[in-house]
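Chains as they are written, first to last, in our numbering: chain D, 4 to 358; chain C, 4 to 358; chain E, 4 to 358; chain F, 4 to 358.
Here's the structure, in structure tokens; my notes come after.
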């Protein structure tokens with residue numbers, strides 16, 4: 004549509020896969036129709052895998068950090084990341100109640116695909132709650148779906164353009180009262196790249212802002228059905244700039260700034276988690292043009308982080324918008340979740356001079 | 004001007020003093036002209052006192068929490084608030100290098116004004132760096148100025164309308180490249196009130212957003228002088244709703260959402276601190292209209308917090324804008340800091356349909 | 004043996020079940036012999052359930068807090084406890100690689116046993132690594148074992164004396180180079196009770212202290228086999244004193260003091276987690292005799308916590324010792340783990356005048 | 004006396020100054036007699052400076068981390084250390100109510116002694132409350148005393164043996180009901196050194212343990228006077244091993260293990276803070292003998308930290324004991340604080356076979 008968030012340039016794919024080595028794979032499961040019958044369907048779920056590089060992450064761990072912004076969620080693996088400052092598995096995204104079966108399957112993946120039998124392993128699984136459309140309690144994501152997602156993430160396709168919207172872990176999700184799901188974006192900044200990927204399931208319709216325009220309040224839509232729309236968001240930030248876990252912890256916190264700009268108040272029931280990791284492909288020496296730094300005169304040694312912060316907030320903000328732009332109307336267990344009406348959005352954006 | 008942030012109503016004064024019992028007092032020191040002579044001037048500084056109630060706070064402590072959002076700052080008293088969940092002194096705001104003398108003077112205040120000689124005391128002093136305009140190293144705020152500010156905060160005037168802009172601790176500060184300083188705002192929400200007060204000294208000009216409109220990029224201004232504009236922001240949130248320190252910790256985090264909406268990326272050198280406190284005048288039983296809650300169906304017992312979160316983000320966002328609207332152009336030690344040109348802002352807001 | 008840790012009295016059972024309503028159930032699985040064949044055995048594992056009360060914890064949550072002392076571990080559910088200040092499921096303890104299957108089974112338990120189908124659930128599962136004796140990768144704990152443990156915890160037997168040593172989640176564990184496992188203890192303190200239960204799998208032999216005596220350095224034992232002994236400890240603290248989550252957070256940190264007194268240095272690979280919860284049966288008004296408080300003159304309102312802290316550290320210290328005293332020599336996948344030789348310990352304790 | 008804590012070797016001086024470049028300076032102020040007259044005396048106070056190296060720390064910052072173990076205290080500078088991972092001033096220790104005047108004087112020190120005028124500075128001042136013996140409210144530590152302490156720390160003498168007991172910031176302090184103050188110790192470990200220095204003002208008499216022996220319960224002393232003995236402890240850990248701030252954060256937490264072993268329950272009113280810093284003189288490649296590591300088989304890359312952890316806990320434990328051994332009986336504002344009776348201690352240690 005031409006919406007442009009911030010002043011930095013996007014990467015070639017405008018996706019987290021612009022960070023070299025990062026791969027994304029989705030397994031999407033859509034079967035059956037309402038009414039809900041627990042254990043049978045309707046099935047509107049899936050799993051998304053993000054690999055930080057193409058090797059065995061357990062053997063070649065990557066530096067990472069987390070922000071538990073509003074930790075009303077079940078994501079696994081976060082305490083150990085805080086303690087050790089690394090991730091050692093692909094990052095998996097799925098529907099809440101699949102979380103533990105997905106974590107368990109990641110263990111098998113290492114044995115069956117890498118021929119590594121870890122004595123211990125810290126699977127990182129993020130989740131949001133898709134039960135408005137999905138038979139969540141049925142937990143329809145199986146080991147084979149997990150394997151399929153990681154296999155795809157490790158393929159050449161996995162390092163290319165990233166499917167967005169109703170795919171993978173994002174399949175049944177809701178964003179700002181509209182159909183949500185997976186979104187991604189990236190920014191190139193001097194000699195490094197920052198990419199974000201979100202699984203969007205949070206926000207209230209009236210709060211939605213796109214590049215500052217009050218889209219949520221202006222869109223005309225059928226009255227919302229009784230059941231509360233989604234909650235929670237998982238935000239993944241990747242960079243090829245070599246950073247310490249303390250620096251990445253601060254990067255992770257900037258993803259929440261991007262979320263705020265799209266309108267969220269981070270409701271009490273929202274599980275808003277961020278993981279930031281570095282592939283460490285490029286060094287932080289002279290990484291950034293002066294134009295992107297806000298604070299040249301102050302603070303000394305870490306001022307290159309300002310560019311990373313900006314790239315993180317902007318790419319997260321845009322990833323959220325991209326999830327809404329790409330998701331399509333879906334019927335599921337408790338009703339219909341409508342896609343953001345792009346024709347209306349275009350009008351609104353023009354009215355508010357954002358296009 | 005008519006800018007309206009969010010959908011909730013403001014309090015009578017649109018100030019933190021709408022929270023009953025809260026008082027604000029400023030001591031403003033403006034003397035001398037450039038050039039800078041350390042210890043002599045120019046003096047562009049002051050101190051602001053916020054009292055949570057009209058009694059002796061050391062004896063009647065109030066529940067509180069903090070968020071160390073980007074803790075590149077010297078604020079005192081925060082670790083003990085985290086540990087004990089209370090504040091026991093007025094909250095003081097000043098220029099960075101005055102921090103410790105102000106804290107020390109608060110101790111004297113208790114002895115001299117309350118006839119209380121604490122064995123130990125945890126003065127809470129927030130700061131931002133005003134040295135673009137002020138002889139900061141000269142530390143011109145003295146004990147008498149501290150006393151004057153607290154005395155005012157405890158007077159009837161202190162509980163009325165709050166002066167904003169170039170006053171108190173905010174006197175020399177910068178916001179988004181324009182003249183910044185003190186700003187305040189409030190929201191009324193069902194049976195309770197939330198008020199915010201900020202000492203604004205952060206942000207880069209191009210990033211400024213007012214109610215989503217890209218004001219910073221549109222304003223035409225003389226080229227900025229060599230020295231880096233300000234950094235850091237102190238955000239104080241008060242409510243009369245009885246909350247625990249864990250709940251206030253989450254409230255504090257929502258102030259940062261309001262900051263994000265005005266455009267900040269929280270630069271690496273920015274000291275962005277939040278204190279939230281409760282005077283506990285009203286109970287959280289049935290505190291809030293359904294309209295203000297985003298998440299009725301989920302989450303259970305704490306969903307009333309959603310209204311508090313929204314009121315916090317909105318009043319913080321507006322307090323920042325109010326600081327910019329009220330601050331006036333000032334000449335000081337390293338040059339001139341221009342006020343936000345309100346006539347241009349009005350045009351821009353109209354262009355972007357925000358007025 | 005007569006070892007007495009600290010100066011407070013133990014409860015009637017000297018167990019976490021002295022806190023009224025708390026129940027404990029173990030499922031212990033011991034089958035097969037070496038050599039290790041992944042997926043077949045030897046099986047030396049199990050699961051322990053701790054219920055904070057006899058009702059449906061999802062519907063009647065209890066106030067809780069955690070300390071992530073050295074979070075090199077996979078425990079689930081901790082971030083949400085930090086955010087919301089409650090637990091809503093039984094606390095489960097098991098071998099590391101069972102973690103996620105156990106968490107998933109807890110979900111089924113609510114549907115099948117309580118007829119509650121949660122939209123979302125935050126299972127709390129703690130783990131330590133038992134693979135020196137157990138076929139850990141085989142993940143031999145199944146849903147039925149989880150159900151059995153929770154069922155027992157909810158029975159009258161579950162509220163009685165607690166089996167210790169090679170039982171439940173503690174079955175294959177190691178403590179200070181000796182056979183470890185489950186241990187428990189309690190303290191009665193004025194009008195309230197504190198109980199601790201640990202799953203002990205950490206420590207180096209030479210470091211073991213019992214009531215200050217250097218038992219680990221004095222015990223004569225066969226030379227240790229090649230494989231590194233265990234790591235990690237899960238510590239659960241319960242009290243019937245009504246506390247806030249902030250207060251329980253501080254209680255949780257005192258469990259680590261008890262651990263320190265038994266000799267641990269909290270190795271970098273150790274997953275040392277604490278959960279503290281309150282059943283809120285008694286109020287903190289006048290809860291404690293003057294004798295137990297260290298700090299009468301200072302600090303004001305929370306000084307009753309001093310007694311809780313002391314009870315927590317002492318009962319955790321003793322729970323660790325009890326695990327060692329009750330565990331028996333076990334042969335498993337990678338060798339033999341010998342029980343602490345109690346006859347030698349008695350001699351050593353006499354030598355050091357601790358008996 | 005021959006007490007030996009742990010199994011590692013001490014450095015040449017058994018002091019934090021065994022870490023090359025670290026210097027310590029005390030200014031001790033003892034004047035006047037009871038009764039207390041606020042502003043006049045009796046004066047039993049002082050200030051201790053620890054410099055991490057002999058240069059200008061503001062220009063050459065050192066990597067650092069903190070643990071806010073029980074943050075009921077007024078220490079300044081800790082939030083910025085958490086955020087930035089460095090210290091940029093000497094670490095100062097003093098009596099609580101001097102905290103802010105000392106912080107302010109450190110600012111002057113940079114201008115007057117280093118000819119550096121910082122725009123901003125993060126003075127790190129730790130404190131414990133000495134008002135049992137000292138006219139604390141009188142705040143008798145002045146700028147010249149601060150300068151004197153830092154000057155000494157930067158001299159050749161400052162890098163030699165460290166005075167302990169009633170000196171510097173420790174002058175009026177109490178430990179376990181006996182006279183406390185400053186203590187220090189060190190451990191050499193493979194190719195690196197760890198040193199600890201404490202300002203001891205916490206603990207209850209009956210709880211004191213020396214190398215596990217229950218000294219506090221056995222010592223016979225005159226009945227204690229009415230006023231509550233001290234609270235709080237500041238613990239400083241230095242190493243020449245190059246560590247990240249995340250690693251130093253974990254090191255800082257191990258100081259508390261040493262504290263626990265001397266008997267403290269960390270009372271609710273205790274301000275127990277740790278700062279750990281690295282001078283980075285040696286690299287962590289192969290830093291440590293196998294003998295000192297507890298966890299060879301597990302965990303991978305950071306296992307060298309186990310030796311650092313052990314050295315930290317042991318040297319902190321011994322520093323506390325050394326403070327008690329060196330402090331002498333003192334009369335002050337509210338009574339007499341008796342030194343630990345070393346002749347009795349020797350008997351007790353022999354009885355418990357610790358000598």
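We treat Cβ as the ideally placed atom computed from N, Cα and C, and that holds for glycine.
Counting C-beta neighbours from all protein chains within 10 Å, is the total for residue i 16 or more, i.e. buried, or is it exposed?
i, result
"residue 118 (chain C)", "exposed"
"residue 218 (chain C)", "buried"
"residue 333 (chain C)", "buried"
"residue 248 (chain E)", "buried"
"residue 62 (chain D)", "exposed"
"residue 299 (chain D)", "For residue 299 (chain D), the predicted model reports a pLDDT of 37, less than 50, meaning its position is unreliable and no value from the coordinates is stated."
"residue 45 (chain E)", "buried"
"residue 345 (chain C)", "exposed"
"residue 161 (chain C)", "buried"
"residue 323 (chain D)", "buried"
Grab the span of the alpha helix (DSSP H) containing residue i for me, first residue to last.
i, result
"residue 319 (chain C)", "308-329"
Let me see if you follow: with CB-CB separation under 8 Å, is residue i close to chain D or not?
i, result
"residue 247 (chain F)", "yes"
"residue 130 (chain C)", "no"
"residue 122 (chain C)", "no"
Taking 8 Å as the CB-CB limit, is residue i close to chain F?
i, result
"residue 299 (chain D)", "With a pLDDT of only 37 at residue 299 (chain D), under 50, the local geometry of the prediction cannot be trusted, and no value is derived from it."
"residue 41 (chain C)", "yes"
"residue 73 (chain C)", "yes"
"residue 2 (chain E)", "A question about residue 2 (chain E) goes unanswered here, because the residues of chain E that appear run from 4 up to 358."
Please confirm if residue i has its CB atom under 8 Å from at least one CB of chain E.
i, result
"residue 354 (chain F)", "yes"
"residue 318 (chain D)", "no"
"residue 10 (chain F)", "yes"
"residue 175 (chain F)", "no"
"residue 280 (chain D)", "no"
Would a check of beta-carbon distances place residue i closer than 8 Å to chain C?
i, result
"residue 4 (chain E)", "no"
"residue 58 (chain F)", "no"
Could you please give the first and the last residue of the uninterrupted beta strand (DSSP E) stretch that includes residue i?
i, result
"residue 128 (chain E)", "127-131"
"residue 192 (chain D)", "184-192"
"residue 162 (chain D)", "Neither: residue 162 (chain D) is in no beta strand (DSSP E) and is coded neither H nor E."
"residue 107 (chain D)", "Per DSSP, residue 107 (chain D) belongs to no beta strand (DSSP E); it is in the alpha helix (DSSP H), 102-116."
"residue 219 (chain D)", "Unbroken run through residue 219 (chain D) is the alpha helix (DSSP H), 218-221; no beta strand (DSSP E)."
"residue 202 (chain F)", "195-203"
"residue 263 (chain F)", "Where residue 263 (chain F) is concerned, there is no enclosing beta strand (DSSP E), although the alpha helix (DSSP H) it sits in stretches over 248-264."
Q | Segment contact, 8 Å Cβ cut-off, at least three pairs: the segment 314-329 of chain C with the segment 184-192 of chain C | A | Yes: the two stretches touch, three or more of their Cβ pairs being nearer than 8 Å.
Q: May I ask you to list, following chain order, the residues of the segment 83-109 of chain D that have a beta carbon less than 7 Å from some beta carbon of chain F?
A: Listed by position, the residues of the segment 83-109 of chain D near chain F (Cβ gap below 7 Å) are 88.
Q) If contact means a Cβ-Cβ distance below 9 Å, which residues of the segment 251-271 of chain D contact chain C? A) Along the segment 251-271 of chain D, the positions whose C-beta sits under 9 Å from a C-beta of chain C are 253, 256, 257, 259, 260, 261, 262, 263, 264, 266, 267, 268, 269, 270 and 271, read in chain order.
Q. At a cut of 8 Å, does the segment 143-151 of chain F reach the segment 115-134 of chain C through at least three beta carbon pairs?
A. In short, these stretches do not touch, since the Cβ pair count stays below three.
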